[in-house]
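Below is one structure, written out as structure tokens; comments come after it.
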Amino acid sequence: MPILDSTTVEFLSGSPAQTARIGERLGKLLKGGEVICLEGQLGAGKTCFAQGLGRGWGATDDLTSPTFTLIHELRREADRKHLYHVDLYRLESEREAWMLGLSDLMDSTSTVLIEWPERALSLLPTDRLWITLELVDDTRRRLTFKPTDAQHQALLTALKREVFGIRS
Ligand SMILES: Nc1ncnc2c1ncn2[C@@H]1O[C@H](COP(=O)(O)OP(=O)(O)O)[C@@H](O)[C@H]1O
Ligand SMILES: [Mg+2]
């Protein structure tokens, strides 16, 4: 599996289950305060990844694709932490995201996972894990992970160790 530079990591997924499993592994490593951006065209697997992430994090309510609301709030029994699953596909403007209070979700204990993050870029913190999902063919997806700060870098290093069983 290629490691593109010291901070960028690429995973190749061969099935929806595998994409969800990578998400699940990442979900298990979350401590709170992370911002995870999922960029990629319709059908790239963002929601599939998000569902796995919710499972790994321990969400007690289902992490379904938010069809009518842009912000879904997930909880778990283990503690009082929150996971927000935001889907900006239907966002009309950055102003709408501002009015919805997108920025207020980001705090030191919550994890915010965002589909279509490029639609509200100016409202997002610069410290984040940016994941780009690309279609390779019908069943394969390329997932490229880019952390922008030490916290998300550490998260990615831990994920890499889980998935590949290597240290770096
Ligand atoms: N390796 C893969 N990973 C994720 N989804 C895949 C993969 N191969 C095929 N698919 C299909 O692609 C679609 C992804 O849908 P979804 O996760 O809702 O995408 P998005 O949220 O990016 O629009 C699903 O129909 C899924 O079955
Ligand atoms: Mg989606």
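Start counting the sequence shown at 129; every next residue gets the next number (the numbering used here).
Note that the Cβ used here is the ideal one computed from N, Cα and C, for glycine as well.
The structure displayed is predicted, hence computed values, not measured ones.
With 16 other Cβ atoms within 10 Å as the buried cut-off, status of residue i
i      : result
Glu162 : buried
Leu284 : buried
Ser141 : buried
Phe177 : buried
Thr239 : buried
Asp215 : buried
Leu257 : buried
Ala282 : exposed
Gly229 : exposed
Expected contact under 8 Å - CB spacing of residue i and residue j to nearest Å
i      : j      : result
Lys174 : Gly180 : Contact doesn't hold; Cβ gap of about 11 Å is too wide.
Ser250 : Glu224 : Wrong, their Cβ atoms sit about 13 Å apart, outside the cutoff.
Glu243 : Tyr212 : About 11 Å separates the two Cβ atoms, so there is no contact after all.
Ser236 : Gly160 : 6 Å
Thr136 : Arg269 : At roughly 16 Å, the Cβ-Cβ gap does not stay under 8 Å, so Thr136 and Arg269 are not in contact.
Asp189 : Arg208 : The Cβ separation is near 14 Å, so there is no contact.
Thr260 : Thr272 : 5 Å
Gly184 : Leu154 : 7 Å
Ligand 2 heavy atom lying under 7 Å from the CB of residue i
i      : result
Ala243 : Ala is not the amino acid found at residue 243; the sequence shown has Glu there. Answer for Glu243: yes, Cβ within range of ligand 2.
Asp215 : yes
Any non-hydrogen atom of ligand 1 closer than 7 Å to residue i Cβ
i      : result
Gly155 : no
Arg268 : yes
Leu261 : yes
Cys176 : yes
Thr147 : yes
Asp142 : Note on residue identity: the sequence assigns Gly, not Asp, to residue 142. Within the cutoff, so yes.
Leu170 : yes
Gly173 : yes
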